[in-house]
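Below: one structure, written as structure tokens.
Numbering (my numbering), first residue to last: 165 to 416.
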């Protein structure tokens, strides 16, 4: 893909500290992205709340802000860069994990990027929505003929309980716009189900959880693929998990 010549300054939103629901691999990918983009001649502005990460080393960006990864803090960074005469042209939100994705989505929804002429690159708001909104992602899967477990995206406990009557226990609960199992879980009884659903609704940025029919005990395989907009694909690896479904990939 040819280099973009219409962009000068790119904002990268980091991943912050390593916590549950925010994997450590994003810190490495963000640091590598800073190096690669600088090598291509782009000016890099980095926002990261973790001063201990190598990503915030001065060599990795032209200007580094150690600030909370919140819409308000990032908005102030955008405004400051504009006042300094170095306006941000684009934001790359895909290298800071769920924290960066959610922050970028909120900034877009608030109109901050549009008001400042900032383009979302890597993945725009619509693409993130299609991947992170459970119901929308289910629709995408169905449109290309992929089989999925019986499931339903809900926004209330009452709707979740109504669907549970169809699939029974155990059931898997997964909040939208979360990563690494944050806010979700497997419910084996009605008390656990209600607790996890309510927790998941609170954890989700859009107040949505998906309730799935249990696949516990199934064999789990992964296929890692990198694809660009020209439909060029590279298969990075195929993975067979040692443990059956129900044990997190990171532990299997």
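Just so you know, even glycine gets a beta-carbon here, dropped at the ideal spot from N, CA and C. From a predicted model like this one, the values you see are computed outputs, not experimental measurements.
With contacts defined by Cβ atoms closer than 8 Å, residue 271 and residue 239 form a contacting pair. Taking a C-beta distance under 8 Å as the contact criterion, residue 293 and residue 300 qualify as a contact pair.
Residue 176 is positioned such that its CB atom lies no closer than 8 Å to that of residue 203.
The alpha helix (DSSP H) runs of length 4 or more contained entirely in the region 278-366 are, from start to end of the chain, 289-296, 298-307, 321-331.
In this model, residue 408 and residue 283 are separated by some 41 Å (Cα to Cα). The region 250-264 and the region 303-319 do not touch, with fewer than three beta-carbon pairs separated by less than 8 Å.
Within the same chain, 337, 348, 349, 351 come within 7 Å of residue 360 by CB-CB distance, once the 5 residues on both sides are set aside.
The residue from 394, 413, 246, 397 with its alpha-carbon nearest to that of residue 403 is 413. For residue 400, same chain residues with a beta-carbon under 8 Å away, outside a window of 5 residues either side, are 388, 389, 390 in chain order. In the three-state reduction of the DSSP assignment, residue 377 falls in the strand class, which pools E and B.
Boundaries of the alpha helix (DSSP H) harbouring residue 265: 261-273, taken from the DSSP string. Taking the Cα positions, residue 289 is about 11 Å away from residue 277.
In the DSSP assignment, residue 242 falls within the alpha helix (DSSP H) that extends over 235-247. The beta carbons of residue 375 and residue 318 sit closer together than 8 Å.
Burial is judged here by how many other beta carbons sit within 10 angstroms of a residue's own beta carbon; residue 296 has at least 16 and is buried.
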